[in-house]
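*Asks:* Okay, here's the structure, questions in a sec.
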Amino acid sequence: MTTAALPEPERRKLRVVDVEDRACLFGAAVAGLSLTWVLYSRILPTEGTLGFVVCWWLSFTALYLLLTGLRRGRVALADRLAVLLAHSAASLVGFALATVIGYTLARGSKSLVHKNFFTQDLRTAGPLEPLTTGGALHALAGTVIQISMAIAVTLPLGILCAVYLTEIGGRGSRLVRSVVEAMTALPSIVAGLFAYVVLLIGLGFRLSGFVAAMAISVMMLPIIARSSEVVLRLVPSGLREASLALGATQWRTVWSVVLPTARPGLATALVLGTARGVGETSPVLLTAGFTTYMNLNPFSGPMVSLPLFTFKMSQSPEGNYISRAFGAAALLLVLVLLLFVFSRWIAARGRSGTR
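Take the position in the sequence shown, starting the count at 1, then add 105; the result is the number in this note's numbering.
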């Protein structure tokens, strides 16, 4: 005796949004705004924009969930609540980020519109000089030199560390991985103090761009090593086994197979480490010194960078120096954003190339 198969239950379509859902969303927003305005400005002794926005969001959420619960039921209510919280959090983060970027660019545009900001240093520009005199060329050049030296140190060390953790291993790999993960959250002031004690006090170096670059490399090294380790672990094991089966040694396999395959990911790790190091202020504050003139020799004399330039200019009570500080901060912000966009582009290109 055979029994007929039971029909498969139909799945609930929770994410389907129709005209009524949009009407409920819009109506709850308008009703919440009206209710908040009446309570906030007519009944309760309250004032302030931030409080008004918070009260409106709470009233809007309550009304929207009430309408959704009456129409869709408990399961859809929980789903809409999760979606609403996720979108609200994303909107809050996006608004905060846009506010910081917009405010910095708006305040820095007073300096960025002048050509001399990119072609001159502060050798002849005092606190009372107009923005048409002097600039941040020495800080921009110092940033490029220090980051270049830091990359030359951290890139080979970070990749070698990642190769050791993924390809060789051993008893010390757990200790090395723990140290790298701990250094990822290392405060930047600790890196500056380390370079100050070891290089300036211990070895007798003076304030210079080289010492600042070594302090920055301490901050970049764990980022590059950890990101490179993750990338190398994504290389298929079949490629390694095929190379070893053809008679190649382990180091030949790593050099000719593993590293070329992971090249886009390693480039992304480098860009992420560079973006971390280019904006550090505390390490260079203790190790680079400050100067108002151009210095292209990282081994002799103080060498200022964009973060240090911003910090020093912002300490002045003069409006022109503060405008220069915001100009340098805007330039640094754009540089970091471009680095992150470039890293995402490299990662996306690497994923499309492996398909």
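Glycine is no exception: its CB is placed at the ideal position from the N, C-alpha and C atoms.
(1) Measuring straight from C-alpha to C-alpha, what distance separates TRP142 and ARG212?
(2) Quick one: grab the DSSP three-state call for GLU346.
(3) So LEU413 packs on VAL439, CB below 8 Å; how close in whole Å?
(4) If you reduce the DSSP assignment to three classes, tell me which class VAL158 lands in.
(5) In this structure, how does DSSP classify MET106 when only helix, strand and coil are distinguished?
(6) When DSSP labels each residue in this structure, what does SER283 get in the three-state scheme?
(7) Do you know how far the Cα of THR397 is from the Cα of PHE315?
(8) Using three-state DSSP, classify MET399 as helix, strand or coil.
(9) I'd like to check one pair, LEU337 with VAL268: are the Cβ atoms closer than 8 Å?
(10) Mind pulling the beta strand (DSSP E) runs of 3 or more residues that sit fully within the segment 191-252?
(11) For the alpha helix (DSSP H) containing PHE131, list its first residue and its last residue.
(12) In this structure, does DSSP put GLU152 in helix, strand or coil?
(13) From VAL188 to ALA194, what does the alpha carbon distance come to, in whole angstroms?
(14) Report the three-state DSSP secondary structure of ARG276 (helix, strand or coil).
(15) Buried or exposed for TRP360, please, with buried defined as at least 16 other CB atoms from any protein chain shown within 10 angstroms of its CB.
(16) How do the segment 163-171 and the segment 132-146 stand: do at least 3 beta-carbon pairs fall below 8 Å, yes or no?
(17) If I measure Cβ to Cβ from PRO292 and keep anything under 7 Å in the same chain, skipping five residues before and after, which residues do I get?
(18) Residue ranges of each alpha helix (DSSP H) run of no fewer than 4 residues wholly in the segment 360-445, ordered along the chain?
(19) So the candidates are GLY382, GLY370, TYR426, LEU436; which of them puts its Cα closest to the Cα of TRP61?
(20) I'd like to confirm something about ALA211: is its beta-carbon nearer than 7 Å to some heavy atom of the ligand MN, or not?
(21) How would you write the range of the alpha helix (DSSP H) that ARG147 sits in, first residue to last?
(22) Could you give the distance in angstroms between the alpha-carbon of ALA435 and the alpha-carbon of ASN402?
(23) Please confirm whether SER348 and ALA255 have their CB atoms less than 8 Å apart.
(24) Taking C-alpha atoms, which residue in THR386, GLN225, ALA257 lies nearest to SER410?
(25) How many whole angstroms separate the CB atoms of VAL340 and ALA367, which I take to be in contact at a CB cut-off of 8 Å?
(26) With 16 other CB atoms within 10 Å as the buried threshold, where does TRP161 fall?
(27) Can you tell me whether GLU334 is buried or exposed? The criterion is at least 16 other CB atoms within 10 Å of its CB, across all chains shown.
(28) Evaluate VAL302 with the Cβ neighbour count: other Cβ atoms within 10 Å of its Cβ, from every protein chain shown; 16 or more gives buried, anything less gives exposed.
(29) Quick check: LEU300 and ALA320, are their CB atoms within less than 8 Å of each other?
(30) Since ILE300 is in the alpha helix (DSSP H), which residue starts that stretch and which ends it?
*Replies:* Walking through what the data contain:
(1) Looking up residue 142 in the sequence shown gives position 37. Looking up residue 212 in the sequence shown gives position 107. Rounded to whole angstroms, TRP142 to ARG212 spans 33 Å at the Cα level.
(2) Translated into positions along the sequence shown, residue 346 becomes position 241. GLU346 falls in the helix class under three-state DSSP.
(3) Position 308 of the sequence shown, counting from 1, holds the residue named residue 413. Position 334 of the sequence shown, counting from 1, holds the residue named residue 439. With a Cβ gap of about 18 Å, LEU413 and VAL439 do not count as contacting.
(4) Position 53 of the sequence shown, counted from the first residue, corresponds to residue 158. Helix.
(5) Counting from one through the sequence shown, the residue named residue 106 turns up at place 1. Because MET106 sits at a pLDDT of 48, beneath the cut-off of 50, its placement in the model cannot be relied upon, and the point is left open.
(6) Walking along the sequence shown from the start, residue 283 turns up at place 178. Residue state, collapsed to three classes: helix.
(7) Numbered from its first residue, the sequence shown carries residue 315 at position 210. Numbered from its first residue, the sequence shown carries residue 397 at position 292. Their Cα atoms are separated by approximately 18 Å.
(8) The sequence position of residue 399 within the sequence shown is 294, counting from 1. If DSSP states are grouped into helix, strand and coil, MET399 belongs with coil.
(9) Along the sequence shown, one-based indexing puts residue 268 at 163. Along the sequence shown, one-based indexing puts residue 337 at 232. In contact: VAL268 and LEU337 (Cβ atoms closer than 8 Å).
(10) none
(11) Locating residue 131 in the sequence shown gives position 26, counting from the first residue. Its alpha helix (DSSP H) spans residues 124-143.
(12) Start at 1 with the first residue of the sequence shown, and residue 152 comes out as number 47. Residue state, collapsed to three classes: coil.
(13) As a first step, residue 188 must be located in the sequence shown, where it is residue number 83. As a first step, residue 194 must be located in the sequence shown, where it is residue number 89. Approximately 10 Å, taken between the alpha carbons.
(14) Counting from 1 along the sequence shown, the entry for residue 276 is found at position 171. Three-state result, ARG276: coil.
(15) Position 255 of the sequence shown, counting from 1, holds the residue named residue 360. Classification for TRP360: exposed.
(16) yes
(17) Taking the sequence shown and counting its residues from 1, the one referred to as residue 292 is at position 187. Result list for PRO292: empty, nothing under 7 Å.
(18) 368-383, 387-392, 411-419
(19) Since the first residue shown for the chain is 106 and the last is 460, residue 61 is missing from the structure and cannot be characterised.
(20) As presented, the structure is devoid of all ligands, the ligand MN included, so that no description of it is given.
(21) Position 42 of the sequence shown holds residue 147. That residue, ARG147, is in no alpha helix (DSSP H); it is neither H nor E in DSSP.
(22) Along the sequence shown, one-based indexing puts residue 435 at 330. Along the sequence shown, one-based indexing puts residue 402 at 297. Each residue's Cα considered, the two are about 26 Å apart.
(23) Here residue 348 refers to the residue found at position 243 of the sequence shown. Here residue 255 refers to the residue found at position 150 of the sequence shown. In this structure, ALA255 does not lie closer than 8 Å to SER348 by Cβ.
(24) Counting from 1 along the sequence shown, the entry for residue 410 is found at position 305. Ranking THR386, GLN225, ALA257 by Cα distance to SER410 puts THR386 first.
(25) As a working mapping, residue 340 is identified with position 235 in the sequence shown. As a working mapping, residue 367 is identified with position 262 in the sequence shown. Correct: roughly 5 Å between the Cβ atoms.
(26) The sequence position of residue 161 within the sequence shown is 56, counting from 1. Buried: at least 16 other Cβ atoms inside 10 Å.
(27) In the sequence shown, counting from the first residue as 1, residue 334 sits at position 229. It counts as buried.
(28) As a position in the sequence shown, residue 302 is number 197, starting the count at 1. The residue is exposed, with fewer than 16 neighbouring Cβ atoms inside 10 Å.
(29) In the sequence shown, residue 300 corresponds to position 195, counting from 1. In the sequence shown, residue 320 corresponds to position 215, counting from 1. According to the sequence displayed, residue 300 carries Ala and not Leu. Yes, Cβ-Cβ distance for ALA300 and ALA320 is below 8 Å.
(30) As a first step, residue 300 is located in the sequence shown; it is residue number 195 there, counting from the start. Looking at the sequence shown, residue 300 is not Ile but Ala. Counting along the chain, the alpha helix (DSSP H) containing ALA300 begins and ends at 293-300.
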